[in-house]
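Single-structure report; data block below.
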């Protein structure tokens, strides 16, 4: 059973703060990890991908991967109200199979 | 390049009726996915195609759901007969797709806009 766990939230942060979103996964065979943002009523859009241990930065977003702990996180610096959405963690397995967490709802308060 | 196309965007049907959804992936993408997303949950894979072959349909309720991908391009997902619990958003996604193994470092999964199904 390939489990991808996320705290459903909502996670509330003030504008300008750092939002920290976490995800754990059960299968050590996973190699690729993705964060998707999903606005209400919209489909998921990719914001970050990470494949190796450590940090990967892209603008205000930083993805962190720790394979030993089976943990991947997303940090959003200088959070904006437009960042308010549900963030989905996805884990990819052989043969391009993706498994998604249930998502964490983020609210950024002006 | 054009994104993943889906139609219809919304559908309302009575239980026990049938419904069909259509998806056209990004041009050249070999792998196509259908997901079901129930409100408050993450997408759940229903079926995955590699070209016109099925890679995984282990979570497809085969007594009522069917899917095909003729000629390895566009795909249809059908529900017959529909149940109340089928109310969800049906997402189609595609990847460039290798013949097997893990995604290339720059590959990713692109989603269509989804079809919101309401079963009354």
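Chains as they are written, first to last, in our numbering: chain U, 1 to 110; chain V, 111 to 230.
We put the CB at the ideal spot given by N, CA and C, even for glycine.
Computed from a predicted structure; not experimentally measured.
Would you kindly work out how many angstroms separate the C-alpha atoms of residue i and residue j, rounded to a whole number?
i	j	result
residue 109/V	residue 102/U	For residue 109/V there is no data in the structure shown, the boundaries of chain V being 111 and 230.
residue 97/U	residue 156/V	11 Å
residue 185/V	residue 47/U	26 Å
residue 209/V	residue 166/V	Note that residue 209/V scores 46 on pLDDT, short of 50, meaning its location in the model is unreliable and no value can be drawn from it.
residue 221/V	residue 106/U	21 Å
residue 119/V	residue 160/V	25 Å
residue 196/V	residue 229/V	7 Å
residue 35/U	residue 100/U	10 Å
For residue i, verify whether its CB is less than 6 Å away from any heavy atom of the ligand ZN.
i	result
residue 62/U	Among the ligands in the structure shown, none appear at all, so the ligand ZN cannot be discussed.
Under the DSSP definition of a beta bridge, which residues are partnered with residue i?
i	result
residue 229/V	123/V
residue 187/V	131/V, 177/V
residue 45/U	37/U
residue 20/U	75/U
residue 14/U	109/U
Hey, could you find the ends of the beta strand (DSSP E) residue i is sitting in?
i	result
residue 37/U	32–38
residue 97/U	97–100
residue 92/U	85–93
residue 117/V	115–117
Just verifying my parser: in three-state terms, what is the DSSP assignment at residue i?
i	result
residue 209/V	Confidence is the limiting factor: at residue 209/V the pLDDT is only 46, short of 50, which leaves the residue's position unreliable, though a coordinate-based value still follows. Residue 209/V: coil per DSSP, three-state reduction.
residue 52/U	coil
residue 166/V	strand
residue 149/V	coil
residue 5/U	strand
residue 27/U	coil
Next on the checklist: Against chain V, which members of the stretch 95–106 of chain U pass a CB distance test of less than 7 Å?
Outcome noted: 95, 96, 97, 98, 100, 101, 102, 103
Item to check | Members of the stretch 45–60 of chain U that neighbour chain V once the beta carbon cut-off is set at 9 Å | outcome: For the stretch 45–60 of chain U, the set of residues with a beta-carbon nearer than 9 Å to any beta-carbon of chain V comprises 45, 46, 49, 51, in chain order.
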